[in-house]
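J.: Mapping to numbering that gives the first Met the number 0: the sequence shown position 62 is 61, numbers consecutive. Even glycine gets a Cβ: it sits at the ideal position worked out from N, Cα and C. The structure is given below, and queries will be raised subsequently.
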Amino acid sequence: MLNILIDLANDPAAGAASARGVSYSEDELRAVFDAIDTDGSGDIDLGELRAAITQVSPTADEDTIAKMLTMADADGSGEVDFDEFKKLFGVVPVVAA
Ligand SMILES: [Ca+2]
Ligand SMILES: [Ca+2]
Numbered sequence: 000m001l002n003i004l005i006d007l008a009n010d011p012a013a014g015a016a017s018a019r020g021v022s023y024s025e026d027e028l029r030a031v032f033d034a035i036d037t038d039g040s041g042d043i044d045l046g047e048l049r050a051a052i053t054q055v056s057p058t059a060d061e062d063t064i065a066k067m068l069t070m071a072d073a074d075g076s077g078e079v080d081f082d083e084f085k086k087l088f089g090v091v092p093v094v095a096a
């Protein structure tokens, strides 16, 4: 599941996976989120993100990882909650027009 992160690590500027025509289900993202949130706090902090990214992309540097966290952390709390995580991957609820 962490391969979703490879997309992001390889192209952090793109951010939203949807921009590349890729979409993930909420269940998929939940599984990834839980895998990253190793202490089960409900938020991904920098250390957890770093551990996850370096697992799938050992060449990712600290700068990139910090950028990813900043990009995802919409409310500036220093951690990424699941809502922020979903937005990062461009998951937008499908709403009937
Ligand atoms: Ca956590
Ligand atoms: Ca946050």
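Val55 to Leu4, Cα distance in whole Å?
T.: About 7 Å.
J.: Taking the alpha-carbon of Ala51 as reference, which of Gly77, Asp62, Gly41, Thr37 has the nearest alpha-carbon?
T.: That would be Thr37, whose Cα lies nearest to the Cα of Ala51.
J.: Going straight from the alpha carbon of Asp42 to that of Pro57, what length do you get?
T.: The straight-line gap from Cα to Cα measures roughly 22 Å.
J.: Report buried or exposed for Ala71, applying the criterion of at least 16 other Cβ atoms within 10 angstroms of its Cβ.
T.: So Ala71 counts as buried.
J.: Please state if the CB of Phe84 and the CB of Leu28 are separated by a distance shorter than 8 Å.
T.: In this structure, Phe84 lies closer than 8 Å to Leu28 by Cβ.
J.: Do Glu78 and ligand 2 come close, with the Cβ less than 7 Å from some heavy atom?
T.: Within the cutoff, so yes.
J.: Please find out if some non-hydrogen atom of ligand 1 comes closer than 7 Å to the beta-carbon of Glu83.
T.: No, ligand 1 has no heavy atom inside 7 Å of this Cβ.
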